[in-house]
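Everything on this sheet refers to the single structure shown next.
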Amino acid sequence: MKPRTDFYTASPDALKAMIALETAVSKLPLEKSLIELVKLRASQINGCAFCIDMHTADAIKGGETPRRLFAVTAWREAPFFSDRERAALLWTESLTQLSLTHAPDEDYDVVAAQFTPKEMVDLSVAISTINSWNRLAVGFRKTPQA
1 MKPRTDFYTA SPDALKAMIA LETAVSKLPL EKSLIELVKL RASQINGCAF CIDMHTADAI
61 KGGETPRRLF AVTAWREAPF FSDRERAALL WTESLTQLSL THAPDEDYDV VAAQFTPKEM
121 VDLSVAISTI NSWNRLAVGF RKTPQA
């Protein structure tokens, strides 16, 4: 793919806002390993090679196992994830594919059984943020370095 506009330099103010949001997400009191799984799953759904590469590397640096990372695409069938992680991955898929899912009550109920209301909002903001990054990276063809 041929890179398009460098969104970091094209609109510094917009990127400052995105970076501020990402900084806020990094300070939320959710498990860092869970957030990396969420970022990876949303990026897989969105086909964002740059973010998949980055968040796989970040997860490994944070102690995540390659085996679990490889299984994220099949998290429903893989025995490697806790109920809380499964709920987060379900909610990630539901919100990332919002036009298809409309965030059904069944998904909400699964998440509500594992997360407090505050955690549900925090998780949703984290999901929204990675989806925003994915849209920038895919839209402007940002690719990982070989």
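Note that full-length UniProt numbering has the sequence shown beginning at 1, numbered continuously upward.
Just so it is clear, CB atoms sit at the ideal spot from N, CA and C, and this is done for glycine as well.
Can you tell which of the options has its C-alpha closest to the C-alpha of residue i?
{"i": "A92", "options": "S11, F7, L40 and E22", "result": "Correcting the residue type first, residue 92 is Thr in the shown sequence and not Ala. Cα-wise, what sits closest to T92 is L40."}
{"i": "S128", "options": "L30, E22, D13 and A146", "result": "E22"}
{"i": "R84", "options": "D107, L98, S99 and F70", "result": "D107"}
With a threshold of 7 angstroms on Cβ separation, who are the neighbours of residue i within its own chain once the five nearest residues in sequence on each side are excluded?
{"i": "F50", "result": "A137, K142, T143 and P144"}
{"i": "C48", "result": "N134, A137 and V138"}
{"i": "A103", "result": "S94 and L95"}
{"i": "D58", "result": "E36"}
Give me, in chain order, the residues of the same chain whose beta-carbon lies closer than 8 angstroms to that of residue i; leave out the 5 immediate sequence neighbours on both sides.
{"i": "G62", "result": "K32, S33 and E36"}
{"i": "N131", "result": "A42, N46, L95 and T96"}
{"i": "L89", "result": "L37, V38, R41, V72, W75 and F81"}
{"i": "L15", "result": "F7 and Y8"}
{"i": "K2", "result": "R141"}
{"i": "P117", "result": "none"}
{"i": "I60", "result": "P66 and L69"}
Are the CB atoms of residue i and residue j nearer to each other than 7 angstroms?
{"i": "T73", "j": "Q44", "result": "yes"}
{"i": "A78", "j": "V111", "result": "no"}
{"i": "V25", "j": "A126", "result": "yes"}
Cβ of residue i versus every heavy atom of the ligand NAD: is any distance shorter than 6 angstroms?
{"i": "T92", "result": "Ligands are entirely absent from the displayed structure, and the ligand NAD is therefore not among its contents."}
By Cβ distance, which residues of its chain are closer than 6 angstroms to residue i, with the 5 residues on each side in sequence left out?
{"i": "T101", "result": "S94"}
{"i": "D122", "result": "L28 and L30"}
Practice prompt. Return the chain-ordered ranges of every alpha helix (DSSP H) run that is complete within the segment 73 to 134 and spans a minimum of 4 residues.
Written response: Whole alpha helix (DSSP H) segments, 4+ residues: 83 to 96, 98 to 101 and 105 to 112.
Worksheet entry | Residue ranges of each alpha helix (DSSP H) within the segment 13 to 77, 4 or longer | 32 to 46, 49 to 61 and 66 to 71
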